[in-house]
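The number in this note's numbering is simply the position in the sequence shown, starting from 1, with 13 added.
Just so you know, even glycine gets a beta-carbon here, dropped at the ideal spot from N, CA and C.
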Amino acid sequence: SRAGLVGRTRFARDISPLLTMPPSAMGVAGRYEEYSKKEIQFIETELKDWFLQRRFAMERNMAMKKALDDNNFTGLSMSNASVPDAQKVMWSDLVQGKPEVEDSLSTNAKQMKTEMYTKMFKDSTDLDHPCRIPGSTYLRCLSDSFKEKSQARQMKCLPSFDAFDACRKGIMQQQAQALENSLVKQDIADRRAKALFERRAILLDTQSC
């Protein structure tokens with residue numbers, strides 16, 4: 014009958030979208046959305062860990078720098094501006110120059126200067142420091158011969174100074190290499206964080222569509 018034909022036509026029209034949609038389409042979309050949510054949660058956890066590590070390292074380094082500055086410490090780079098000029102010059106001699114006493118100084122001044130060199134060096138190195146022995150050897154030679162003329166003293170103490178200088182250069186090279194390795198490691202972590210930020214933005218955009 015005509016009524017039956019109309020009913021069948023309406024039924025066919027109602028189910029036509031279901032017939033044209035793949036059976037698993039809704040399931041795939043749901044699974045992708047669920048996967049995206051989990052990936053975003055994972056990325057946010059990774060970014061939080063990265064941020065906390067960078068923040069902790071920054072606060073730790075700043076606290077260490079402040080404690081060293083407050084106690085008048087300075088490193089091999091001599092980055093503490095509050096160190097008195099006289100001590101800064103002597104420290105520079107110890108870490109990268111050459112501890113020496115000038116012929117123009119009086120005998121008492123020469124002795125006092127060698128004692129200041131020795132005290133500063135021993136206070137800044139412990140017994141396990143690799144340069145403790147060669148540095149002490151050179152400073153002892155300097156102290157024992159401070160009454161001699163500069164040229165004679167330099168010839169006498171040259172072998173011990175060469176050993177001390179080689180040790181210092183080795184320490185400086187190790188410090189430079191450690192700094193470079195630290196910067197490379199930090200750069201890798203920062204690049205990874207940047208990639209995670211970008212991936213997170215993409216996932217959020219797909220969810221908002």
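Residue interval of the alpha helix (DSSP H) (run including residue 155) | As a first step, residue 155 must be located in the sequence shown, where it is residue number 142. That run of the alpha helix (DSSP H) goes 145-157.
Assuming residue 210 contacts residue 60 (C-beta within less than 8 Å), just tell me the rounded distance between them.
-> The residue labelled residue 210 in the question sits at position 197 within the sequence shown. The residue labelled residue 60 in the question sits at position 47 within the sequence shown. Indeed they touch by this definition, with Cβ atoms about 7 Å apart.
According to DSSP, is residue 34 helix, strand or coil?
-> Counted from its first residue, the sequence shown places residue 34 at position 21. Caution applies to residue 34, whose pLDDT of 48 falls short of 50 and renders its modelled position unreliable; the value that the coordinates give is listed next. Three-state DSSP puts residue 34 in coil, outside helix and strand.
Rank 214, 199, 219 and 162 by C-alpha distance to the C-alpha of residue 70 and give the top, closest one.
-> To locate residue 70, count along the sequence shown from 1; it is residue 57. Answer by Cα proximity: 199.
Can you tell which of 122, 117, 132 and 124 has the C-alpha that lies nearest to the C-alpha of residue 104?
-> As a position in the sequence shown, residue 104 is number 91, starting the count at 1. The shortest C-alpha separation from residue 104 is found at 132.
Quick one: give me the first and last residue of the alpha helix (DSSP H) that residue 124 is part of.
-> In the sequence shown, counting from the first residue as 1, residue 124 sits at position 111. First-last of the alpha helix (DSSP H) with residue 124: 120-137.
According to DSSP, is residue 187 helix, strand or coil?
-> Here residue 187 corresponds to residue number 174 of the sequence shown, with the count starting at 1. Here residue 187 sits in helix by DSSP.
Confirm, please, whether the CB-CB distance from residue 181 to residue 108 is below 9 Å.
-> As a first step, residue 108 must be located in the sequence shown, where it is residue number 95. As a first step, residue 181 must be located in the sequence shown, where it is residue number 168. Contact: yes.
Taking the C-alpha atoms as reference points, what is the distance between residue 205 and residue 49?
-> Residue mapping note: residue 205 aligns to position 192 of the sequence shown, counting from 1. Residue mapping note: residue 49 aligns to position 36 of the sequence shown, counting from 1. Their Cα atoms are separated by approximately 19 Å.
Thinking just about the alpha-carbon of each residue, which of 156, 183 and 220 is nearest to the one in residue 170?
-> Position 157 of the sequence shown, counting from 1, holds the residue named residue 170. Taking only the C-alpha atoms, the option nearest residue 170 is 156.
With DSSP collapsed to three states, give me the class of residue 160.
-> Start at 1 with the first residue of the sequence shown, and residue 160 comes out as number 147. Residue 160: coil per DSSP, three-state reduction.
Which residues in the same chain as residue 150 place their Cβ atom closer than 8 Å to its Cβ, once the five residues preceding and following it in sequence are excluded?
-> As a position in the sequence shown, residue 150 is number 137, starting the count at 1. Around residue 150: 173, 176 and 177.
Under three-state DSSP, which class holds residue 95?
-> For the purposes of this step, residue 95 is identified with residue 82 of the sequence shown, where counting begins at 1. The answer is coil: DSSP assigns residue 95 none of H, G, I, E or B.
Exposed unless 16 or more other CB atoms sit within 10 angstroms - verdict on residue 55 | Counted from its first residue, the sequence shown places residue 55 at position 42. Residue 55 comes out exposed.
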